[in-house]
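Following: one structure in structure tokens, then a few remarks.
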């Protein structure tokens, strides 16, 4: 046998072959007996290959299991190590993301004693400071918004490129902005070159500017440049806008009133002074001239007295507290008193003056003397501007919860263009005619103020040549 030959040569003989005796593949191993050549005997062993293969499979399985177990242990060990290493980093990442999203109360756990623990403490300190800072900024922002919303002036802030950074509701109202203007350039949102020039200059200015949109107004614009700490770089501009339209109108009205009062006072005073000097220069010795001049002086003095009384009455009505105008006034009684006062003037011009009372009597809230003055002024105007043999009707009408006092005449009438200004102080449709009739120019202004003090309204209907109708409507007193 081959394995025996190799053993006789001093080798370990190995041979694989099929055994006809056992009828299977066998492994034969032969080793020499003894320690010196020539070998006289050998030992031969045989083992079925199936047994060897079984042992090999078993060994391979054990090796694979050992490798798998080793890999698993290595993976678990590596996972635990990596997890322990990355957990604080992941936590920091998560907390950082949460803080970035506005959850400023989030903190990192303080379970780490290595360098990561130091980093965690520093991070938490930073987060606390950031939370306090954000809270302070939020409080300041809320306070600023509340202040800006409550301001009666408009405020707009621009950046260095003249784009809007901030605007309060009053600014939107003054300029009629319908859409959000934040981020828009000044040239996009304003329609006034003077205003644009002020904004683009980025300088401290204080100007009055007329605007036409959304309506004609006068605004006062104050601007202040925003500078850096060194004051060298321009960071933007703050503009404060005051709507002074009403103030300007009041100033114009005051100026006009002073001018009108001066003129109205000057006219009779000039006349009185002129005729007094004439009398002093010798006309007093001429009986006819003296009487004529004294009559004129008396007429002008009466006119001056009426003017002063009307001015004082108008001032008294404007300054009278609302609670004083709170008595119940019987309009029928007022009608009777006005009838007695005005009948003589109507009779002189042969005017038919009719008074139509309301039954049962109607009451309004006001002050008796003021209601009487209102009715006297309206009736006096109607009589003055109605030709001889004309007609004037004064009526009290109750309808729903209102009481209307109507004064109608068939006099000269008023053109439409004059009606909107009828109730202005010293406004006259025909100045020369009004003065000739003894008017002060304050009668209808007094009427308007009395009506307003009673929370009522007054309407005028008129047509030249056909007459006028003045209607005062107030709530009926229950």
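In my numbering, the protein residues as written are 14 to 491. We put the beta carbon where it would ideally sit given N, CA and C, even for glycine. Computed from a predicted model, the values in this text were never measured in an experiment.
In chain order, which continuous runs of the beta strand (DSSP E) of length 3 or greater are located wholly inside the region 186-257? Along the region 186-257, the beta strand (DSSP E) occurs as fully enclosed runs of 3 or more residues at 218-224, 230-240 and 247-256, listed in sequence order.
Assuming residue 238 and residue 217 make a contact with CB atoms under 8 Å, what is their CB distance in whole Å? Your numbering for residue 238 matches position 225 in the chain shown. Your numbering for residue 217 matches position 204 in the chain shown. Contact flag correct, Cβ pair sits at about 6 Å.
Ignoring anything shorter than 3 residues or poking outside the region 380-462, list the beta strand (DSSP E) runs there in chain order. Runs of the beta strand (DSSP E) inside the region 380-462: 404-412 and 415-422.
Do the region 425-442 and the region 349-367 make contact, defined as three or more Cβ pairs closer than 8 Å? Fewer than three beta-carbon pairs drawn from the region 425-442 and the region 349-367 are found closer than 8 Å, and the two stretches are therefore not classed as touching.
Would you give the residue range spanned by the alpha helix (DSSP H) that residue 30 belongs to? Translated into positions along the chain shown, residue 30 becomes position 17. Not the alpha helix (DSSP H): residue 30 falls in the beta strand (DSSP E), residues 26-32.
Run the proximity test for residue 152: is its beta-carbon closer than 7 Å to any non-hydrogen atom belonging to the ligand SAM? The model on display carries no ligand, and the ligand SAM is accordingly not part of it.
Checking 8 Å against the spacing of the C-beta atoms, do residue 3 and residue 42 come in under that value? Any property of residue 3 remains undetermined from this structure, which presents the chain solely from 14 to 491.
Would you mind stating whether residue 479 and residue 423 have Cβ atoms separated by less than 8 Å? Counting from one through the chain shown, the residue named residue 479 turns up at place 466. Counting from one through the chain shown, the residue named residue 423 turns up at place 410. Their beta carbons are under 8 Å apart, which means residue 479 touches residue 423 by this criterion.
Sort 429, 305 and 278 by Cα distance to residue 291 and report the nearest one. On the chain shown, residue 291 is found 278 positions in, with the first residue counted as 1. Nearest C-alpha to residue 291: 305.
Selection from 88, 67 and 24 that minimises the alpha carbon distance to residue 57: Sequence index remark: in the chain shown, residue 57 carries index 44 (1-based). Taking only the C-alpha atoms, the option nearest residue 57 is 24.
What residues match up with residue 37 in a beta bridge as DSSP calls it? Position 24 of the chain shown, counting from 1, holds the residue named residue 37. Beta-bridge analysis with DSSP links residue 37 to 32.
Expressed to the nearest angstrom, what Euclidean distance is found between the alpha-carbon atoms of residue 52 and residue 22? The sequence position of residue 52 within the chain shown is 39, counting from 1. The sequence position of residue 22 within the chain shown is 9, counting from 1. Cα to Cα, residue 52 sits roughly 8 Å from residue 22.
Can you tell me where the beta strand (DSSP E) with residue 373 in it begins and where it stops? Reading the chain shown from its first residue, position 360 is the one you call residue 373. No beta strand (DSSP E) holds residue 373; DSSP gives it neither H nor E.
Could you check how far apart the C-beta atoms of residue 274 and residue 324 are, in whole angstroms? I think they sit under 8 Å. Start at 1 with the first residue of the chain shown, and residue 274 comes out as number 261. Start at 1 with the first residue of the chain shown, and residue 324 comes out as number 311. The C-beta distance from residue 274 to residue 324 rounds to 7 Å, short enough to fall under 8 Å.
What residue range does the alpha helix (DSSP H) around residue 155 cover? Mapped onto the chain shown, residue 155 falls at position 142. Taken as a continuous stretch (DSSP letters only), the alpha helix (DSSP H) holding residue 155 covers 128-163.
Going by C-alpha to C-alpha distance, which of 173, 190 and 175 sits closest to residue 181? Here residue 181 corresponds to residue number 168 of the chain shown, with the count starting at 1. Considering only alpha carbons, the answer is 190.
Which full runs of the alpha helix (DSSP H) of 4+ residues lie inside the region 34-100, going along the chain? You should have found no qualifying run.
Are residue 489 and residue 384 closer than 8 Å when you measure CB to CB? Locating residue 489 in the chain shown gives position 476, where the first residue counts as 1. Locating residue 384 in the chain shown gives position 371, where the first residue counts as 1. Between residue 489 and residue 384, the C-beta spacing is not below 8 Å.
From the DSSP output, in three-state form, read off residue 474 for me. As a first step, residue 474 is located in the chain shown; it is residue number 461 there, counting from the start. Residue 474 carries a strand assignment under DSSP once its states are collapsed to helix, strand and coil.
Are there 16 or more other CB atoms within 10 angstroms of the CB of residue 386, so buried, or fewer, so exposed? Here residue 386 corresponds to residue number 373 of the chain shown, with the count starting at 1. Looking at its Cβ environment, which holds 16 or more other Cβ atoms inside 10 Å, residue 386 is buried.
Meets three-Cβ-pair contact criterion under 8 Å: the region 139-147 and the region 216-230: When Cβ pairs closer than 8 Å are counted between the two stretches, the region 139-147 is seen not to touch the region 216-230, the count staying below three.
Thinking just about the alpha-carbon of each residue, which of 300, 397 and 258 is nearest to the one in residue 365? The count along the chain shown starts at 1 and reaches residue 365 at position 352. When the alpha-carbon of residue 365 is set against those of 300, 397 and 258, the nearest one is in 397.
If the criterion is Cβ atoms closer than 8 Å, does the pair residue 257 and residue 233 meet it? Position 244 of the chain shown, counting from 1, holds the residue named residue 257. Position 220 of the chain shown, counting from 1, holds the residue named residue 233. Yes; because the gap between Cβ atoms is below 8 Å, this pair is in contact.
Taking 8 Å as the cut-off, decide whether the C-beta atoms of residue 167 and residue 184 are in contact. Taking the chain shown and counting its residues from 1, the one referred to as residue 167 is at position 154. Taking the chain shown and counting its residues from 1, the one referred to as residue 184 is at position 171. Taking 8 Å as the cut-off, the Cβ atoms of residue 167 and residue 184 count as close.
Relative to the alpha-carbon of residue 406, which residue among 482, 474 and 341 has its alpha-carbon at the smallest distance? Locating residue 406 in the chain shown gives position 393, where the first residue counts as 1. Among 482, 474 and 341, the Cα nearest to that of residue 406 belongs to 482.
Between the CA atoms of residue 186 and residue 208 - distance to the nearest angstrom: For the purposes of this step, residue 208 is taken as the residue at position 195 of the chain shown. For the purposes of this step, residue 186 is taken as the residue at position 173 of the chain shown. Their backbone Cα atoms lie some 16 Å apart in a straight line.
Can you check which of these residues, 247, 73, 29 and 378, is closest to residue 62 by C-alpha distance? As a first step, residue 62 is located in the chain shown; it is residue number 49 there, counting from the start. Residue 29 is the option with its Cα nearest to residue 62.
Inter-residue Cα distance where the pair is residue 391 and residue 457: Numbered from 1 along the chain shown, position 378 holds the residue referred to as residue 391. Numbered from 1 along the chain shown, position 444 holds the residue referred to as residue 457. Looking at the two C-alpha atoms, the distance is approximately 7 Å.
Whole-Å CB distance - residue 340 paired with residue 367, under 8 Å assumed: Position 327 of the chain shown, counted from the first residue, corresponds to residue 340. Position 354 of the chain shown, counted from the first residue, corresponds to residue 367. Contact doesn't hold; Cβ gap of about 28 Å is too wide.
How about residue 251 and residue 170: do their beta carbons lie closer than 8 Å? Here residue 251 refers to the residue found at position 238 of the chain shown. Here residue 170 refers to the residue found at position 157 of the chain shown. In terms of Cβ geometry, residue 251 and residue 170 form a close pair [threshold 8 Å].
Could you spell out the range, first to last residue, of the alpha helix (DSSP H) harbouring residue 167? For this step, residue 167 is matched to residue 154 along the chain shown. Premise fails: residue 167 lies in the beta strand (DSSP E), 167-172, not in any alpha helix (DSSP H).
Consult DSSP for residue 284 and reduce its assignment to one of helix, strand or coil. By one-based count along the chain shown, residue 284 stands at place 271. Note: residue 284 maps to helix in three-state DSSP.
For residue 289, I'd like the list of residues in its chain whose CB is within less than 7 Å of its CB, leaving aside the five on either flank, ordered along the chain. Translated into the one-based positions of the chain shown, residue 289 becomes position 276. Same-chain partners within the cutoff: 310.
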